[in-house]
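The working numbering puts the last residue of the sequence shown at 426; the count rises by one with no breaks.
Notes to accompany the following structure.
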Amino acid sequence: MTDKSFWQSGHRPTLIMAFLYFDVAFMVWNLLGPLAPIFSKALALSPAQKGFIVAVPTLAGAVLRLVNGFLVDRIGQKVTGTIGQIIVIAGLIAAWHFGVSSMNGLIAVGIILGFAGASFAVALPLASRWYPPQHQGKAMGIAGMGNSGTVLAAIFAPLLAKAYGWENVLGLAAIPVAIIFVAYLVFVKDSPHQPPAKSTGDYVKGYFKMLADGDAWWFILFYGVTFGGFVGLSGSLPSWYTGELGFTPVQAGYATAACVFAGSLVRPMGGALADRIGGIKTLSAVYALAAVLLVVISQSPASFTVMFPLFFLTMATLGVGNGAVFQLVPQRFRHEIGVMTGLVGFGGGVGGFYLASSLGLAKQWTGSMSSGFLIFAALSVVALAGLTGVKKRWRTTWGAAISGVRI
Numbered sequence: 020m021t022d023k024s025f026w027q028s029g030h031r032p033t034l035i036m037a038f039l040y041f042d043v044a045f046m047v048w049n050l051l052g053p054l055a056p057i058f059s060k061a062l063a064l065s066p067a068q069k070g071f072i073v074a075v076p077t078l079a080g081a082v083l084r085l086v087n088g089f090l091v092d093r094i095g096q097k098v099t100g101t102i103g104q105i106i107v108i109a110g111l112i113a114a115w116h117f118g119v120s121s122m123n124g125l126i127a128v129g130i131i132l133g134f135a136g137a138s139f140a141v142a143l144p145l146a147s148r149w150y151p152p153q154h155q156g157k158a159m160g161i162a163g164m165g166n167s168g169t170v171l172a173a174i175f176a177p178l179l180a181k182a183y184g185w186e187n188v189l190g191l192a193a194i195p196v197a198i199i200f201v202a203y204l205v206f207v208k209d210s211p212h213q214p215p216a217k218s219t220g221d222y223v224k225g226y227f228k229m230l231a232d233g234d235a236w237w238f239i240l241f242y243g244v245t246f247g248g249f250v251g252l253s254g255s256l257p258s259w260y261t262g263e264l265g266f267t268p269v270q271a272g273y274a275t276a277a278c279v280f281a282g283s284l285v286r287p288m289g290g291a292l293a294d295r296i297g298g299i300k301t302l303s304a305v306y307a308l309a310a311v312l313l314v315v316i317s318q319s320p321a322s323f324t325v326m327f328p329l330f331f332l333t334m335a336t337l338g339v340g341n342g343a344v345f346q347l348v349p350q351r352f353r354h355e356i357g358v359m360t361g362l363v364g365f366g367g368g369v370g371g372f373y374l375a376s377s378l379g380l381a382k383q384w385t386g387s388m389s390s391g392f393l394i395f396a397a398l399s400v401v402a403l404a405g406l407t408g409v410k411k412r413w414r415t416t417w418g419a420a421i422s423g424v425r426i
């Protein structure tokens, strides 16, 4: 198939808007990471408290992705995304207007930002349902590249905080979200290939049905490592750069943005590579390389010239893995993509929460984040072992039934 046939096989305005919607949502979802060196100083937070606050939006987003997975199949992607964006815009404006002066206030903001993180369960089905199996990797990769919004947060949040104060960043962030919201309402269309609407009872049964399927748990683990590593590092790197190298928040934002950009840019490449050589081969290479890089990171000296290339390569590797996972998910669970996007997205969010919070705890308990990186390397090895164990069965069962698609 050519690229032209790919563009002709779906609905281009919806795919583009799925990316833009996901992009601004990811931007606000990750606001607290770049702002952490600033608000933690203002509120005298410990390293563990700072790590926890950075991780709250990730955990909230993980839980809310399950809700969005239900709503996507119940009322459609467009309406579900509309509800989430209204909540995020209202929450940002309220936090800016009333101010945030305590850790509890930051937790409340983090929960609101979780609604932005739940956009994942809307944007990916919005794109996926318009495209045939042979183009799933590219379509999901383009929509998923919206995680580049983390780059915008890393660059602009510290700059705006320096100029206007960190609390005002929350109000300013509502502006691009509102602009994209208007475009979203105008251009997005749900695919005509929607599954029949389910009742709440049927949907709950659907979740339990998926959880009774061992393959669903494997996908939750696989995405928990790739996406969890990506989003966990995105939120934690500003604190690492300021704490270990003495960078200013603005300098840390630039360094983090470069690493995040690498992971975001290669996500569609990961999907396309999985379309070409198979998601299993792509993911196997991702987990092996990620494990090696994380071990090296855990043992390396705190030097920018050493650590920046390592973080850059790690984020790029995990970005490829994010695209590869979602080349496989629609092949295995095409008719349950709403439920599975919610479940797999939940796994990714839990992975990100674990990594961000564990790095904060490691810093407080040991004076270094090294042990946190080392444990996540072990999780990459576990994912590789699991994938090795299931790949023969996958290729000879559901993989063999999909004509012309490599898994």
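Quick reminder that beta carbons are idealized off the backbone N, C-alpha and C, glycines included.
As the structure is a prediction and not an experimental result, all values here were calculated from the model.
- Out of Ile194, Pro320, Gly124, Tyr150, the CA that lies nearest to the CA of Ile105 is found in Ile194.
- For Lys411, the secondary structure class from DSSP, reduced to helix, strand or coil, is helix.
- The region 156–167 and the region 99–118 do not touch, with fewer than 3 CB-CB distances between them shorter than 8 Å.
- Gln270 carries a helical assignment under DSSP once its states are collapsed to helix, strand and coil.
- Ala216 has its alpha-carbon roughly 24 Å from the corresponding atom of Met36.
- Shown here, Gly184 sits in coil according to DSSP, grouped into three states, outside any helix or strand.
- Apart from sequence neighbours up to five positions away, the residues of its chain that approach Phe266 with a beta-carbon distance below 6 Å are Tyr260, ordered along the chain.
- In this structure, DSSP gives Lys97 a helical state, which the three-state scheme calls helix.
- C-alpha of Lys60 to C-alpha of Ser377: approximately 20 Å in a straight line.
- Taking the Cα of Ser210 as reference, the smallest distance to any Cα among Val409, Lys97, Leu332 is reached at Lys97.
- A straight-line Cα-Cα distance of about 27 Å links Gly163 and Ile112.
- Check the Cα spacing between Gly367 and each of Thr245, Glu186, Thr301, Thr324: the tightest is with Thr245.
- Under the 10 Å beta carbon count, Gln318 is surrounded by fewer than 16 other beta carbons and is classified as exposed.
- With respect to the 8 Å criterion, Gly88 and Thr360 are classified as neighbours on the basis of their beta carbons.
- By the 16-neighbour rule on beta-carbons within 10 angstroms, Pro328 is exposed.
- One Cα belongs to Gly357, the other to Leu406, and the distance between them is close to 23 Å.
- Taking the Cα positions, Gln68 is about 7 Å away from Gly379.
- Three or more beta-carbon pairs separated by less than 8 Å are not found between the region 215–230 and the region 386–396, which leaves the two stretches without contact.
- Look at Gly282 here: in three-state DSSP terms it is helix.
- In chain order, Gly371, Leu374, Ala375 place their CB closer than 6 Å to the CB of Gly251, counting only its own chain and leaving out the 5 sequence neighbours on each side.
- Residue state for Thr416 is assigned as coil, using DSSP reduced to three classes.
- At least 8 Å separates the beta-carbon of Gly129 from that of Val47.
- The straight-line gap separating the alpha-carbon atoms of Ala109 and Tyr222 is approximately 29 Å.
- Ile316 and Leu54 have their C-alpha atoms roughly 24 Å apart.
- Taking 8 Å as the cut-off, the beta carbon of Gly340 is found closer than this to the beta carbon of Val305.
- Membership of Ile316 in the alpha helix (DSSP H) is indicated by the continuous run 298–318.
- Not a single unbroken stretch of the beta strand (DSSP E) spanning 3 or more residues falls wholly within the region 185–217.
- For Gly168, the number of other beta carbons within 10 angstroms of its own is at least 16, and it is reported as buried.
- Listed in chain order, the non-local C-beta contacts of Ile199 below 7 Å within the same chain comprise Leu39, Tyr40, Val43, local neighbours out to five positions each way being set aside.
- When DSSP assignments are scanned along the region 92–170, the uninterrupted stretches of alpha helix (DSSP H) that are 4 or more residues long and fall wholly within it turn out to be 96–117, 122–136, 139–147, 155–163.
- Residue environment: Pro320 is assigned as exposed (fewer than 16 neighbouring CB atoms within 10 Å of its CB, all protein chains considered).
- With contacts defined as CB atoms closer than 8 Å, Ala293 and Thr301 qualify as a contacting pair.
- For Arg351, the enclosing alpha helix (DSSP H) starts and ends at 323–351.
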